[in-house]
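Asks:
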Amino acid sequence: MNDSLTDTPVVYPDFDSITTVTCVGAGTIGGGWAAYFLAQGFRVKIWDPAPDAGEKFSRLLDAAWPALEELDMVAGADRTAWSVHTDLAEAVTGTGFVQESAPEDLDLKRRLLSQVDAVCDPGIVIGSSTSGYSMTEMATEAAHPERLVVGHPFNPPYLIPLVEVVGGQESSASAVDWAADFYAHIGKSVIRMDREVPGFIANRLQEALWREALYMVEQGEATVEQLDRSITDGPGLRWPFQGPMLTFHLAGGEGGMAHMLDHFGPSLKSPWTRLTAPELTQTLRDDVVAGCDVESGERTIPDLVRHRDAGIIALRKLTAELAATHGADAAATAAAVPTEPTPSEVASDRAESLPVYLTEVSEDWIDYNGHMSEAFYVLVFGFATDQVMDHLGLDADYRNSAKASLYTVESHIRYLDEVALGSQLSVVPSLVSAGEKKLHLAYEMYVDERLVATEEIMALHVDQSTDAVVAFPAAIAERIARTITHRPEWVGRAIG
Ligand SMILES: NC(=O)c1ccc[n+]([C@@H]2O[C@H](COP(=O)([O-])OP(=O)(O)OC[C@H]3O[C@@H](n4cnc5c(N)ncnc54)[C@H](O)[C@@H]3O)[C@@H](O)[C@H]2O)c1
């Protein structure tokens, strides 16, 4: 990696000054990136030679936007703020970052990256979505290889947080740092690699698994459907919470990884023996394609995309909530040990949790004792209720159009511990019970794993034009019915 190529150090843009991002190539991955950038509030300029690039992206955006609304959308994001350009120079004018996602063809990438480099201001970093080429191989024709980096996403980039960032031999460390920080700034989970490794980290792992799966199909040892179910009903259930290393650490029981390796060492070698890639013959290709058709049955590709996206959304919400509530360890425990389902969980196979509210204690919340003043506990609980209302559909649009809102008529706060300036607060809401016109809510406020306050409220749904307490409309009642109910043991506890 090189930082001395340029005599005067290049200054890359401040993240806050970036309004526009360019996507070169807008197929499955480039289109997914474009959707994500739009949801992050950027204007997106697309350059793609396919005559139907705009229509294809429009369809992808239709599928991606609801998922983005659930998870990763910033206020003010505009799904119409995109344009397709036929002139590359025009597509990079005013841009703050370029993401290249053209087909995986080394010659094409080399040519294309040098073309993009030629028309782009030298202060702009260019990231490539390549699944496996190194930037050292791809940057050979570019005049400014120092600002070219790999930013390898996972499909779909609008939902999967991981981006692997790595430079080539000619990339400057500052460009790689800038790209890693930029992806993190827009909400991605970034692995910044110091070395170029073919396929990066996650692709090598998933390809190792797929290679073995193809081998087993070729040998007639397992069907496509058996292979998929062996993961989705097996180890795949652990992977959102613990990767392959911690998974095997636990497989060693109380002795952990040390016991695992020492005790099982010799026998571990047997599944490692055949890690050879099968020949990708026409027969193997046809068997795998036919197996996928059988497994998909009546489900079309858009059906499968919807199913996948709904699952990822639910899992990301769950993992964020577990991490915010109890930290990584408890998230793991909760994943490993199923808890008794509540009646509403049993009643609904689409049960949802309420979103955790996160905030930081600011200076003006601190009283003369140096701790958060009691008024601001109320304020934070109030913000958590606003978030619950938004989640249930009782949001500003609803309040304006229906002229109805949720009124808190009773509350009870317990101040359990002091909270210092700068503390990160997570407020975990629970729906204790719901009536056709009222909600009983409970909140636990945490700093890390320390419970610092609780609040219990009773709120009524009020028609503001008549001041009458009225039933929730059907769509909101349905959302409430889908919400998991939970009664923390302290609810209803008297003072003292
Ligand atoms: N599909 C995946 O799961 C996945 C995951 C991670 C990374 N990637 C990488 O992302 C890149 C794009 O893959 P994809 O799956 O989106 O492919 P894709 O075939 O869906 O899309 C490629 C797009 O590039 C356009 N294109 C063709 N020639 C071009 C050119 N000269 N300049 C600009 N655009 C051009 C095509 O019209 C198409 O819209 C590849 O480098 C791939 O390795 C793919």
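Just so we're aligned, residue 3 is where the sequence shown starts under our numbering, counting upward by one. The beta-carbon is built from N, C-alpha and C at its ideal position, and this holds for glycine as well. Remember, it's a predicted structure, so these values are computed and weren't measured experimentally.
What does the alpha-carbon distance come out to for the pair HIS373 and VAL421?
Replies: By one-based count along the sequence shown, residue 373 stands at place 371. By one-based count along the sequence shown, residue 421 stands at place 419. Approximately 5 Å between the Cα atoms of the pair.
Asks: Here's the rule: buried if 16 or more other CB atoms are within 10 angstroms of the residue's CB, otherwise exposed. What is SER403?
Replies: Your numbering for residue 403 matches position 401 in the sequence shown. Label assigned to SER403: exposed.
Asks: Quick check on the burial criterion: 16 or more other C-beta atoms within 10 angstroms. Buried or exposed for THR82?
Replies: If you number the sequence shown from 1, residue 82 lands on position 80. Exposed: under 16 other Cβ atoms inside 10 Å.
Asks: Where are the alpha helix (DSSP H) runs, 4 residues long or more, that stay fully inside the segment 25-103, in chain order?
Replies: Whole alpha helix (DSSP H) segments, 4+ residues: 30-41, 55-73, 90-94.
Asks: May I ask you to list the residues that DSSP assigns as paired with LEU360?
Replies: Taking the first residue of the sequence shown as position 1, residue 360 is located at position 358. Answer by DSSP bridge pairing, in chain order: SER428.
Asks: What are the uninterrupted segments assigned as beta strand (DSSP E) that are 3 or more residues long and contained completely in the segment 165-222, given in chain order?
Replies: For the segment 165-222, whole beta strand (DSSP E) runs of length 3 or above, ordered along the chain, are 191-194.
Asks: Please classify ARG149 as buried or exposed, where buried requires at least 16 other C-beta atoms within 10 Å of its C-beta.
Replies: Reading the sequence shown from its first residue, position 147 is the one you call residue 149. Counting Cβ neighbours within 10 Å, ARG149 comes out buried, since at least 16 surround it.
Asks: Which same chain residues, not among the five before or five after VAL358, have their C-beta less than 8 Å away from its C-beta?
Replies: The residue labelled residue 358 in the question sits at position 356 within the sequence shown. For VAL358, where only same-chain residues beyond five positions count, the Cβ hits under 8 Å are ALA322, GLU323, ALA326, THR327, SER428, VAL429, VAL430, PRO431.
Asks: Counting only the same chain and skipping the five closest in sequence on each side, list residues whose C-beta sits under 7 Å from that of CYS122.
Replies: What you label residue 122 is simply residue 120 of the sequence shown in a count that begins at 1. So the qualifying residues of the chain are VAL94, VAL100, ILE128.
Asks: Please classify GLU57: is it buried, with 16 or more other beta-carbons within 10 angstroms of its beta-carbon, or exposed?
Replies: Start at 1 with the first residue of the sequence shown, and residue 57 comes out as number 55. Exposed.
Asks: If the criterion is Cβ atoms closer than 9 Å, does the pair ILE482 and PHE474 meet it?
Replies: Counting from 1 along the sequence shown, the entry for residue 482 is found at position 480. Counting from 1 along the sequence shown, the entry for residue 474 is found at position 472. Their beta carbons are under 9 Å apart, which means ILE482 touches PHE474 by this criterion.
Asks: Any idea what DSSP makes of SER232, helix, strand or coil?
Replies: Taking the sequence shown and counting its residues from 1, one reaches residue 232 at position 230. SER232 falls in the helix class under three-state DSSP.
Asks: Between LYS111 and ligand 1, is there a pair consisting of the residue's CB and a ligand heavy atom that are separated by less than 8 Å?
Replies: Against the sequence shown, residue 111 aligns to sequence position 109. Answer for LYS111: yes, Cβ within range of ligand 1.
Asks: Could you check which residue in ALA91, LEU90, GLU92, THR138 has the C-alpha nearest to that of TYR112?
Replies: For the purposes of this step, residue 112 is taken as residue 110 along the sequence shown, with counting starting at 1. Reading the sequence as shown, one finds Arg at residue 112 and not Tyr. Here the closest residue by C-alpha is THR138.
Asks: Please confirm whether PRO155 and GLY34 have their CB atoms less than 9 Å apart.
Replies: Working through the sequence shown from its first residue, we reach residue 155 at position 153. Working through the sequence shown from its first residue, we reach residue 34 at position 32. Yes, the pair counts as a contact, with Cβ atoms nearer than the cut-off.
Asks: Helix, strand or coil: which one does DSSP assign to GLY125?
Replies: Mapped onto the sequence shown, residue 125 falls at position 123. It is coil, neither helix nor strand.
Asks: May I ask which residues mark the beginning and end of the alpha helix (DSSP H) holding THR387?
Replies: The residue given as residue 387 occupies position 385 in the sequence shown. Per DSSP, THR387 belongs to the alpha helix (DSSP H) from 376-394.
Asks: How do the segment 189-201 and the segment 214-228 stand: do at least 3 beta-carbon pairs fall below 8 Å, yes or no?
Replies: No: fewer than three Cβ pairs fall under 8 Å.
Asks: Entirely within the segment 257-291 and at least 4 residues each: give me those alpha helix (DSSP H) ranges in chain order.
Replies: Taking only runs of at least 4 residues, the alpha helix (DSSP H) segments lying wholly in the segment 257-291 are 258-270.
Asks: Would the segment 270-286 count as touching the segment 202-220 if we require 3 or more Cβ pairs under 8 Å?
Replies: Touching, yes, given that three or more Cβ pairs across the two stretches are closer than 8 Å.
Asks: If we count the other Cβ atoms within 10 Å of its Cβ and call it buried at 16 or more, is LEU62 buried or exposed?
Replies: For the purposes of this step, residue 62 is taken as residue 60 along the sequence shown, with counting starting at 1. Burial call: buried.
Asks: What three-state label does DSSP hand SER413 in the structure shown?
Replies: Counting from 1 along the sequence shown, the entry for residue 413 is found at position 411. Looking at SER413 - three-state DSSP - the assignment turns out to be strand.
Asks: Relative to the C-alpha of ILE459, which residue among ALA182, TYR135, VAL472, ASP388 is closest?
Replies: Here the question's residue 459 lines up with position 457 in the sequence shown. The candidate whose alpha carbon is nearest that of ILE459 is ASP388.
Asks: In angstroms, rounded to a whole number, what distance separates the CA positions of PRO237 and ARG287?
Replies: Within the sequence shown, the letter at position 235 stands for residue 237. Within the sequence shown, the letter at position 285 stands for residue 287. Their backbone Cα atoms lie some 26 Å apart in a straight line.
Asks: Could you check how far apart the C-beta atoms of PRO159 and VAL12 are, in whole angstroms? I think they sit under 8 Å.
Replies: For this step, residue 159 is matched to residue 157 along the sequence shown. For this step, residue 12 is matched to residue 10 along the sequence shown. With 8 Å as the limit, PRO159 and VAL12 do not qualify as a contact, their Cβ atoms being about 26 Å apart.
Asks: Could you compute how far the alpha carbon of THR22 sits from the alpha carbon of SER413?
Replies: Taking the sequence shown and counting its residues from 1, the one referred to as residue 22 is at position 20. Taking the sequence shown and counting its residues from 1, the one referred to as residue 413 is at position 411. Their Cα atoms are separated by approximately 46 Å.
Asks: Please work out which residues of its chain come closer than 7 Å, Cβ to Cβ, to LYS47, disregarding the five sequence neighbours upstream and downstream, and give them in chain order.
Replies: The residue you call residue 47 lines up with position 45 of the sequence shown. Closer than 7 Å at the Cβ level, and outside the excluded window around LYS47, lie THR22, THR24, SER85, HIS87, ALA93, THR97.
Asks: Give the DSSP-derived three-state secondary structure of TYR448 in the structure shown.
Replies: The residue given as residue 448 occupies position 446 in the sequence shown. Three-state DSSP puts TYR448 in a strand.
Asks: Is it buried or exposed, VAL296, if we count other Cβ atoms within 10 angstroms and call 16 or more buried?
Replies: In the sequence shown, counting from the first residue as 1, residue 296 sits at position 294. Exposed, since its Cβ has fewer than 16 Cβ neighbours within 10 Å.
Asks: Roughly how many whole angstroms lie between the Cα atoms of ALA104 and ASP119?
Replies: Along the sequence shown, read from residue 1 onward, the residue named residue 104 stands at position 102. Along the sequence shown, read from residue 1 onward, the residue named residue 119 stands at position 117. So the two alpha carbons sit approximately 15 Å from each other.
Asks: Is VAL26 near ligand 1 - that is, is its Cβ less than 8 Å away from at least one heavy atom of it?
Replies: As a working mapping, residue 26 is identified with position 24 in the sequence shown. Yes - ligand 1 has a heavy atom lying nearer than 8 Å to the Cβ of VAL26.
Asks: Heavy atom of ligand 1 less than 8 Å from the Cβ of ASP311, yes or no?
Replies: Taking the first residue of the sequence shown as position 1, residue 311 is located at position 309. Outside the cutoff, so no.
Asks: Relative to the C-alpha of ALA55, which residue among ALA65, TYR38, ALA28, LEU70 is closest?
Replies: Within the sequence shown, numbered from 1, the residue matching residue 55 stands at position 53. Closest by alpha carbon: ALA28.
Asks: Return the chain-ordered list of same chain residues with a C-beta closer than 7 Å to the C-beta of ASP305, the five sequence neighbours on each side being excluded.
Replies: Your numbering for residue 305 matches position 303 in the sequence shown. Nothing meets the Cβ criterion.
Asks: Taking C-beta to C-beta, are VAL390 and LEU462 nearer than 9 Å?
Replies: Here the question's residue 390 lines up with position 388 in the sequence shown. Here the question's residue 462 lines up with position 460 in the sequence shown. Not a contact, by the Cβ cut-off of 9 Å.
Asks: For a test of your reading of the model: does the CB of LYS2 fall under 8 Å from any non-hydrogen atom of ligand 1? Yes or no.
Replies: Outside the shown range of the chain (3 to 498) lies residue 2, about which nothing can therefore be said.
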